[in-house]
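**Student:** Just dropping this structure here.
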Ligand code: G3I
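Residue numbers (my numbering): 6 to 381.
Following this line, the structure appears as structure tokens:
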């Protein structure tokens, strides 16, 4: 080989090494100096039935949440029957892959069986008995995964949009201190676990004020709250980046971390009258509500990429208080947004398409991290 071509070959090897060192091999690597990147595992991931999905999860994420496997109805379907099979597998997967493992969720108004709130005759339980039931459940579940589940969504979605406490059965039977009690029981179950309050729509000022007041009260009572979880079930236009920015700043002032816990972006027309993530909301199927059944137009694909880039720009700005950004699902076909609030739509809310290929939004999110890395 002539000297020139040897030099050229060596240069090529050198350049490819430099490029490999610069281009991260996955989302988690791109953000390794900023925060953890998480995703929510469904049943097919947990049971290894979706091998392609599992490979993407290992490559891109260093934090996991269980989409449904740890909810009350999944692990404690009857008074004297716990079923930890899927939850155990989920935790084993996270431990084996050295991931940050989230427990979702202990006390919520949805996916909690009716028996939880009733006595043997179907009559509402007394406050004391419901508290005991809550304590037993929380101790048992948190205790089982002590030292393995790193952080718990202790109370989920306790507020109405107007900032008042939701009149759930927890609230009606126990009163507003059910939240304090839930955090205390979780802390007893695993004193080292991080404990979170998890909520959606905190960009709405009234709701945000309600949650801020709650966290202040909990802290004044000496209750350990590690972070507020901002779910971020967002749309292409709502909330604005300024609203997200202000929400993170306001919460950070409380002296807690702020995690992004359920990120996805709905690209379909709004089917309900207000912006919500309340899972019981339902709407009728109409053709104009499902415009992209045959594919996402490039213009919307680009809009989604731009929207994701904007959000990650805000998250990076706040990397001092954000510990984790978790997506609510892996690939578009997995998302709850295909069936909510209208069943059977074709939505495109995540970074991987239905074939598991990274979308332009994936590259946009990686590029935000690279851009940040080159700034002084
Ligand atoms: O398990 C049954 C299965 O046996 C049955 O064949 C199938 C038929 O529809 O339904 C399955 O249950 C579904 C379950 O997801 C598991 O796939 C329920 O119908 C469905 O309602 C349930 O939806 C979940 C929803 O929470 C319920 O509350 C979504 O997957 C999950 O993404 C969603 O997650 C919530 C967070 O926990 C809290 N924040 C909002 C977020 C989005 O709604």
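No residue lacks a Cβ here, since even glycine has one placed at the ideal position from N, Cα and C.
Note that the coordinates shown come from a computational prediction; the quantities given were computed from them, not determined experimentally.
#1: Just to confirm, are residue 110 and residue 155 a CB contact at a threshold of 7 Å?
#2: If you check the beta carbons only, do residue 75 and residue 120 fall under 7 Å apart?
#3: The ligand G3I and residue 341: does the residue's C-beta get closer than 6 Å to at least one heavy atom of that ligand?
#4: Output the boundary residues of the beta strand (DSSP E) element that contains residue 200.
#5: For residue 250, I'd like the list of residues in its chain whose CB is within less than 8 Å of its CB, leaving aside the five on either flank, ordered along the chain.
#6: The beta strand (DSSP E) spanning residue 167 covers which residue range?
#7: Candidates 218, 132, 125 and 52: which alpha carbon is nearest residue 170's?
#8: Rounded to whole angstroms, how far is the Cβ of residue 207 from the Cβ of residue 188, which I believe are closer than 8 Å?
#9: Quick check: is the beta carbon of residue 136 nearer than 7 Å to any beta carbon in chain C?
#10: Specify, as a first and last residue, the run of the beta strand (DSSP E) that residue 402 falls within.
#11: Just confirm the distance between the C-beta atoms of residue 357 and residue 336, as a whole number of angstroms; I'd bet it's less than 8 Å.
#12: With three or more C-beta pairs closer than 8 Å as the rule, is the segment 326-335 touching the segment 265-276?
#13: Measuring CA to CA, which of 233, 315 and 226 is closest to residue 239?
#14: When you compare each of 272, 294, 112 and 44 to residue 304 by their alpha carbons, which one comes out closest?
#15: Going by beta carbon distance, what residues of the same chain come within less than 6 Å of residue 246, once the five residues before and after it are set aside?
#16: Closest to residue 209 by CA distance: which of 232, 279, 259 and 180 is it?
#17: Would residue 194 pass as a contact of residue 144 if the rule is Cβ separation under 7 Å?
#18: Alpha helix (DSSP H) containing residue 317: first to last residue?
#19: Following the continuous beta strand (DSSP E) through residue 267, name the residue where it begins and the one where it ends.
#20: Go ahead and label residue 213 buried or exposed: buried means 16 or more other beta carbons lie within 10 angstroms of its beta carbon, across all protein chains shown.
#21: So for residue 207, helix, strand or coil by DSSP?
#22: Might you give, ordered along the chain, the residues of its own chain that have their beta carbon closer than 7 Å to the beta carbon of residue 236, omitting 5 neighbours on each side?
#23: Exposed or buried, which one is residue 376 when buried takes at least 16 other CB atoms within 10 Å?
#24: On the DSSP letters alone, give me the boundaries of the alpha helix (DSSP H) that residue 142 sits inside.
#25: Mind checking which residues open and close the alpha helix (DSSP H) that includes residue 255?
#26: Would DSSP call residue 334 helix, strand or coil?
#27: Any heavy atom of the ligand G3I within a distance shorter than 6 Å of the CB on residue 284?
#28: Where does residue 192 sit, in a helix, a strand or coil, going by DSSP?
#29: Quick one: grab the DSSP three-state call for residue 328.
#30: Would you kindly work out how many angstroms separate the C-alpha atoms of residue 2 and residue 116, rounded to a whole number?
#31: Which residues does DSSP list as the beta-bridge partners of residue 44?
**Tutor:** Short version:
#1: By one-based count along the chain shown, residue 110 stands at place 105. By one-based count along the chain shown, residue 155 stands at place 150. Not a contact, by the Cβ cut-off of 7 Å.
#2: Position 70 of the chain shown holds residue 75. Position 115 of the chain shown holds residue 120. It is not a contact, given that the beta carbons lie outside the stated cut-off.
#3: By one-based count along the chain shown, residue 341 stands at place 336. Distances between the C-beta of residue 341 and the heavy atoms of the ligand G3I include at least one below 6 Å.
#4: Position 195 of the chain shown, counting from 1, holds the residue named residue 200. Per DSSP, residue 200 belongs to the beta strand (DSSP E) from 199-204.
#5: As a working mapping, residue 250 is identified with position 245 in the chain shown. Excluding its 5 nearest sequence neighbours in each direction, residue 250 has C-beta neighbours in its own chain below 8 Å: 319, 322 and 323, listed in chain order.
#6: One-based indexing of the chain shown puts residue 167 at position 162. Taken as a continuous stretch (DSSP letters only), residue 167 belongs to no beta strand (DSSP E), as it is neither H nor E.
#7: Indexing the chain shown from 1 puts residue 170 at position 165. Cα-wise, what sits closest to residue 170 is 218.
#8: For the purposes of this step, residue 207 is taken as residue 202 along the chain shown, with counting starting at 1. For the purposes of this step, residue 188 is taken as residue 183 along the chain shown, with counting starting at 1. Actually they are not in contact, since the Cβ atoms of residue 207 and residue 188 sit about 18 Å apart, beyond 8 Å.
#9: Protein chains in the displayed structure number just one, and chain C is not present.
#10: Since the first residue of the chain shown is 6 and the last is 381, residue 402 is not available in this structure.
#11: Position 352 of the chain shown, counted from the first residue, corresponds to residue 357. Position 331 of the chain shown, counted from the first residue, corresponds to residue 336. So it is a contact: roughly 4 Å between Cβ atoms.
#12: With three or more CB-CB distances shorter than 8 Å, the segment 265-276 counts as touching the segment 326-335.
#13: Position 234 of the chain shown holds residue 239. Residue 239 has its Cα closest to that of 315, out of 233, 315 and 226.
#14: In the chain shown, the residue the question calls residue 304 occupies position 299. For residue 304, the closest alpha carbon among the candidates 272, 294, 112 and 44 is that of 272.
#15: What you label residue 246 is simply residue 241 of the chain shown in a count that begins at 1. Hits under 6 Å: 315 and 319.
#16: Here the question's residue 209 lines up with position 204 in the chain shown. Put simply, of 232, 279, 259 and 180 the residue whose alpha carbon is nearest the alpha carbon of residue 209 is 279.
#17: Translated into the one-based positions of the chain shown, residue 194 becomes position 189. Translated into the one-based positions of the chain shown, residue 144 becomes position 139. With respect to the 7 Å criterion, residue 194 and residue 144 are classified as neighbours on the basis of their beta carbons.
#18: In the chain shown, counting from the first residue as 1, residue 317 sits at position 312. 303-322 is the extent of the alpha helix (DSSP H) around residue 317.
#19: Locating residue 267 in the chain shown gives position 262, where the first residue counts as 1. For residue 267, the uninterrupted beta strand (DSSP E) segment begins and ends at 262-271.
#20: In the chain shown, residue 213 corresponds to position 208, counting from 1. Buried: at least 16 other Cβ atoms inside 10 Å.
#21: In the chain shown, the residue the question calls residue 207 occupies position 202. Note: residue 207 maps to coil in three-state DSSP.
#22: Here residue 236 is taken as the residue at index 231 of the chain shown, counted from 1. So the list reads 203, 204, 205, 266, 267 and 282, once near-sequence residues are dropped.
#23: Along the chain shown, one-based indexing puts residue 376 at 371. Within a 10 Å sphere around the beta-carbon of residue 376 sit fewer than 16 other beta-carbons, which makes this residue exposed.
#24: For this step, residue 142 is matched to residue 137 along the chain shown. Taken as a continuous stretch (DSSP letters only), the alpha helix (DSSP H) holding residue 142 covers 132-149.
#25: Walking along the chain shown from the start, residue 255 turns up at place 250. In the DSSP annotation of this structure, the continuous segment of the alpha helix (DSSP H) that includes residue 255 starts and ends at 246-257.
#26: Taking the first residue of the chain shown as 1, we reach residue 334 at position 329. Coil, per DSSP.
#27: Counting from one through the chain shown, the residue named residue 284 turns up at place 279. Indeed, a heavy atom of the ligand G3I lies less than 6 Å from the Cβ.
#28: Taking the first residue of the chain shown as position 1, residue 192 is located at position 187. Correct three-state label for residue 192: helix.
#29: Start at 1 with the first residue of the chain shown, and residue 328 comes out as number 323. Secondary structure at residue 328: coil, using DSSP grouped into helix, strand and coil.
#30: Nothing in the structure corresponds to residue 2, since the chain is present only between 6 and 381.
#31: Walking along the chain shown from the start, residue 44 turns up at place 39. By DSSP's assignment, residue 44 forms a beta bridge with 69.
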